[in-house]
Amino acid sequence: MITLPLFISGAEIGFIIFILIMVFGADKIPDIARGLGKGMRTLKNASNDIKSEITKSAEKQGINKDISNDVRNEISKVKEDIDEITGSIKRRF
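Sequential numbering from 1 applies to the sequence shown in the UniProt record's numbering.
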């Protein structure tokens, strides 16, 4: 069975499409989809602009923007420590 995002089944998607066609009519659906696409594109561009501004500001202030690498390194160290402690009692499946 294939699961779709938000756990919506195929029958539920079909029912939603049917209701949309009944409410808006078949001729308005492409216009609505086009408008939603433009809105999503605008939102994506705005979020990319915000990310680039934050990155530029961080570089100007000398802030380390590679915090995620530091976090990954710390997590890997903790995993290695746990493996050393549990190595002798770890079960092989």
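Where is the CB? At the ideal position from N, CA and C, for every residue including glycine.
Inset, instruction - Under 8 Å by Cβ, that's how I've got residue 21 and residue 29 pegged, so tell me the actual separation to the nearest angstrom. - result: One-based indexing of the sequence shown puts residue 21 at position 21. One-based indexing of the sequence shown puts residue 29 at position 29. With 8 Å as the limit, residue 21 and residue 29 qualify as a contact, their Cβ atoms being about 7 Å apart.
Inset, instruction - Let me know the secondary structure DSSP gives residue 57 once reduced to three states. - result: If you number the sequence shown from 1, residue 57 lands on position 57. Three-state DSSP puts residue 57 in a helix.
Inset, instruction - Work out the CA separation of residue 36 and residue 12 for me, nearest whole Å. - result: Position 12 of the sequence shown, counted from the start, is the residue given in the question as residue 12. Position 36 of the sequence shown, counted from the start, is the residue given in the question as residue 36. Cα to Cα, the separation comes out at about 21 Å.
Legend entry - N-terminal and C-terminal residue of the alpha helix (DSSP H) that residue 11 is part of: Taking the first residue of the sequence shown as 1, we reach residue 11 at position 11. It spans 10-24 - the alpha helix (DSSP H) in which residue 11 sits, taken as one unbroken run.
Inset, instruction - May I ask you to report which of helix, strand or coil DSSP gives residue 28? - result: Mapped onto the sequence shown, residue 28 falls at position 28. Three-state DSSP puts residue 28 in coil, outside helix and strand.
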